[in-house]
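Enquirer: Residue numbers (my numbering), protein chains in the order written: chain A, 356 to 445; chain B, 53 to 268.
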Amino acid sequence: MEMNTESAGERKLQCSDVTKCFELLESILDGDMIQGGKEIMNDKLAKCQPCFEHYHLEQAIREVLKTKCTKQPVPSELSDSIRQKIQDIL
Amino acid sequence: MLRYNLSQSLLLKLMSEVQRRKYSQEEKNTIFDGEFMPHIDSMYNFAYRLTFDEDDAKDLVQDTYLKAYRFINSFEQGTNAKAWLFRILKNSFINEYRKKSKQPTKVDYQEVETYYNSDDVDYQSTTDLRAESVKDMLGDEISNALNSLAVDFRTVIILCDLEGFTYEEMAKILDIPIGTVRSRLHRARNLLKDKLRGYAQNMGYNTEGEEEEAEF
Numbered sequence: 356m357e358m359n360t361e362s363a364g365e366r367k368l369q370c371s372d373v374t375k376c377f378e379l380l381e382s383i384l385d386g387d388m389i390q391g392g393k394e395i396m397n398d399k400l401a402k403c404q405p406c407f408e409h410y411h412l413e414q415a416i417r418e419v420l421k422t423k424c425t426k427q428p429v430p431s432e433l434s435d436s437i438r439q440k441i442q443d444i445l
Numbered sequence: 053m054l055r056y057n058l059s060q061s062l063l064l065k066l067m068s069e070v071q072r073r074k075y076s077q078e079e080k081n082t083i084f085d086g087e088f089m090p091h092i093d094s095m096y097n098f099a100y101r102l103t104f105d106e107d108d109a110k111d112l113v114q115d116t117y118l119k120a121y122r123f124i125n126s127f128e129q130g131t132n133a134k135a136w137l138f139r140i141l142k143n144s145f146i147n148e149y150r151k152k153s154k155q156p157t158k159v160d161y162q163e164v165e166t167y168y169n170s171d172d173v174d175y176q177s178t179t180d181l182r183a184e185s186v187k188d189m190l191g192d193e194i195s196n197a198l199n200s201l202a203v204d205f206r207t208v209i210i211l212c213d214l215e216g217f218t219y220e221e222m223a224k225i226l227d228i229p230i231g232t233v234r235s236r237l238h239r240a241r242n243l244l245k246d247k248l249r250g251y252a253q254n255m256g257y258n259t260e261g262e263e264e265e266a267e268f
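This is the structure we're talking about:
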């Protein structure tokens with residue numbers, strides 16, 4: 356989802372309804388789309404600097420969580436031990 | 053008499069329904085191997101992030117799979133097996149693991165939950181943490197920040213961002229309304245941002261808040 360990142364020159368510096376806007380932006384980033392949400396979002400990102408910054412920060416946080424969190428390798432014996440336990444209760 | 057007949061026929065109907073849904077041994081094994089076992093990686097990582105202990109995580113995953121097998125008849129084929137398994141794991145963690153845990157119980161969680169237990173959220177602009185500094189952070193910093201959150205906040209972030217569950221699936225896994233999922237996630241990410249802001253300032257990353265905050 357690549358956003359239009361033109362200069363912030365024409366964006367307003369105050370958001371008139373932070374609660375509603377940020378909730379919408381966060382829901383969209385989480386994949387919980389409302390009807391027409393994307394159009395409203397694009398409009399906000401083009402016109403409102405706080406919305407623009409919030410969107411990009413929230414997007415960055417989701418991205419690093421998804422890609423950078425260290426993963427634990429599954430212990431190799433776990434699958435076998437589960438199957439063995441199931442055999443035992445059959 | 054009529055009443056008796058009705059309830060008996062209802063009972064027979066219910067019984068035949070249960071019979072119909074019972075899987076054969078072969079079907080059980082197919083479901084278990086084909087739909088349950090492929091999620092062992094996600095399940096183990098979820099368990100590890102809840103317990104922070106390899107042995108506890110192994111036990112939790114093993115218990116979950118045994119329960120899943122035992123109650124396999126209540127699993128509807130074609131529905132989301134991963135969400136079903138995560139729900140069992142989370143319930144096992146709450147009901148069994150938390151009770152016998154050697155770790156001191158999370159007092160902070162109770163405080164946090166009582167304090168925050170409302171769906172009303174204040175949305176505020178956080179201008180002093182920049183997307184660029186977040187992107188520059190190391191995996192360990194992100195992981196540590198996540199791990200430092202109280203378990204309910206950690207859980208929603210794991211389910212949403214690491215495992216990609218939808219709000220609706222999360223509501224089912226956690227037995228809470230969607231509105232609570234949304235507000236808890238928002239608070240969880242705000243707490244995470246506080247941690248990341250601390251790291252960013254500590255590491256001399258570019259933050260707009262220039263005050264010298266040495267408390268970290």
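Even for Gly, the Cβ is constructed at its ideal location relative to N, Cα and C.
This one's a predicted model, so the numbers in the text were calculated from it and none came from an experiment.
Count the C-beta pairs between the segment 219-228 of chain B and the segment 422-433 of chain A that are closer than 8 Å, then say yes if the count reaches three, no if not.
Expert: No, because fewer than three Cβ pairs between the segment 219-228 of chain B and the segment 422-433 of chain A fall closer than 8 Å, the two stretches do not touch.
Enquirer: Please confirm if A415 (chain A) has its CB atom under 8 Å from at least one CB of chain B.
Expert: A415 (chain A) counts as touching chain B.
Enquirer: Looking at the C-beta of C403 (chain A), does it have a partner C-beta in chain B at a distance below 8 Å?
Expert: no
Enquirer: Does the segment 71-88 of chain B come close enough to the segment 402-415 of chain A that 3 or more CB-CB pairs lie under 8 Å?
Expert: no
Enquirer: Taking CB distances under 8 Å as the criterion, tell me whether E221 (chain B) reaches chain A.
Expert: no
Enquirer: Just the Cα atoms here: how many angstroms apart are Y167 (chain B) and S76 (chain B)?
Expert: Any reading at Y167 (chain B) is ruled out, since the residue's pLDDT is 49, under 50, leaving its predicted position unreliable.
Enquirer: Looking at the C-beta of K119 (chain B), does it have a partner C-beta in chain A at a distance below 8 Å?
Expert: no
Enquirer: In whole angstroms, what is the alpha-carbon distance linking I383 (chain A) and V233 (chain B)?
Expert: CA-CA distance, I383 (chain A) to V233 (chain B), rounds to 14 Å.
Enquirer: Looking at the secondary structure, which residues open and close the alpha helix (DSSP H) in which C376 (chain A) lies?
Expert: 373-384
Enquirer: Output, in chain order, the set of chain A residues within a Cβ distance shorter than 8 Å of S126 (chain B).
Expert: Correct list: empty, because the minimum Cβ distance to chain A is about 17 Å.
Enquirer: Using a C-beta to C-beta distance shorter than 8 Å, which residues of chain A count as neighbours of Y75 (chain B)?
Expert: Going along chain A, no residue has its Cβ under 8 Å from Y75 (chain B), so there is no contact; the nearest lies around 14 Å.
Enquirer: If A252 (chain B) and S185 (chain B) are in contact, beta carbons under 8 Å, what's the gap, nearest whole angstrom?
Expert: 5 Å
Enquirer: Checking contacts by CB at 8 Å: is T166 (chain B) closer than that to chain A?
Expert: In this prediction, T166 (chain B) has a pLDDT of 48, which is less than 50 and means its spatial position is unreliable; nothing more can be read from the coordinates.
Enquirer: Can you find a C-beta in chain B that's less than 8 Å from the C-beta of S382 (chain A)?
Expert: Yes, its Cβ sits closer than 8 Å to a Cβ of chain B.
Enquirer: Going by beta carbon distance, what residues of the same chain come within less than 8 Å of Y100 (chain B), once the five residues before and after it are set aside?
Expert: In its chain, beyond the 5 residues on either side, E106, A109 have a beta carbon closer than 8 Å to the beta carbon of Y100 (chain B).
Enquirer: Q439 (chain A) CB to nearest chain B CB: under 8 Å?
Expert: For Q439 (chain A), the nearest beta carbon of chain B is not closer than 8 Å to its own beta carbon.
Enquirer: Just how far apart, CA to CA, sit L112 (chain B) and A135 (chain B)?
Expert: 16 Å
Enquirer: Should D398 (chain A) be flagged as near chain B, meaning a C-beta pair shorter than 8 Å?
Expert: No, its Cβ sits nowhere closer than 8 Å to a Cβ of chain B.
Enquirer: Rounded to the nearest angstrom, how far is the Cβ of S200 (chain B) from that of K245 (chain B), given a contact under 8 Å?
Expert: Their Cβ separation, rounded to whole angstroms, is 13 Å, which puts S200 (chain B) and K245 (chain B) out of contact at 8 Å.
Enquirer: Could you tell me which chain A residues have their CB closer than 8 Å to the CB of G86 (chain B), listed as they occur along the chain?
Expert: The premise fails here: G86 (chain B) is roughly 14 Å from chain A at the closest Cβ pair, so nothing lies under 8 Å.
Enquirer: Note down the Cα distance separating A240 (chain B) from V203 (chain B), rounded to an integer number of angstroms.
Expert: 10 Å
Enquirer: Just to confirm my understanding: we take M356 (chain A), look at its own chain, exclude 5 residues before and 5 after, and list those with CB closer than 7 Å. What are they?
Expert: Its pLDDT being 42, under 50, M356 (chain A) is placed unreliably in this model, and the coordinates cannot settle the point.
Enquirer: Flag this pair as yes or no: are the beta carbons of L198 (chain B) and L420 (chain A) separated by less than 8 Å?
Expert: Yes, the pair counts as a contact, with Cβ atoms nearer than the cut-off.
Enquirer: Might you give, ordered along the chain, the residues of its own chain that have their beta carbon closer than 6 Å to the beta carbon of H91 (chain B), omitting 5 neighbours on each side?
Expert: Cβ-Cβ distances below 6 Å link H91 (chain B) to K134, L137 in the same chain, with the five nearest sequence neighbours on each side left out; the list follows chain order.
Enquirer: What are the boundary residues of the alpha helix (DSSP H) that includes M396 (chain A)?
Expert: Following the DSSP letters along the chain, one finds M396 (chain A) inside the alpha helix (DSSP H) bounded by residues 392-402.
Enquirer: Smallest Cα separation from D115 (chain B): which of B:F217, B:M95, B:T207?
Expert: Cα-wise, what sits closest to D115 (chain B) is B:M95.
Enquirer: Compare the C-alpha of Q414 (chain A) against each of B:A183, B:D192, B:Y175, B:F217 and name the closest.
Expert: B:A183
Enquirer: Please identify the residue among B:R236, B:L181, B:P229, B:N132 whose C-alpha is closest to the C-alpha of M255 (chain B).
Expert: With distances taken between Cα atoms, M255 (chain B) lies closest to B:L181.
Enquirer: List, in order along the chain, the chain B residues whose C-beta lies closer than 8 Å to that of S434 (chain A)?
Expert: When 8 Å is used as the limit between beta carbons, S434 (chain A) is near these residues of chain B: M89, I92, in chain order.
Enquirer: Does any residue of chain A bring its CB to less than 8 Å from the CB of Y149 (chain B)?
Expert: No, Y149 (chain B) does not count as interfacial toward chain A.
Enquirer: So T116 (chain B) is in the alpha helix (DSSP H); what residue range does that whole segment cover?
Expert: 106-122
Enquirer: Using the three-state DSSP reduction, which class does K426 (chain A) fall into: helix, strand or coil?
Expert: Shown here, K426 (chain A) sits in coil according to DSSP, grouped into three states, outside any helix or strand.
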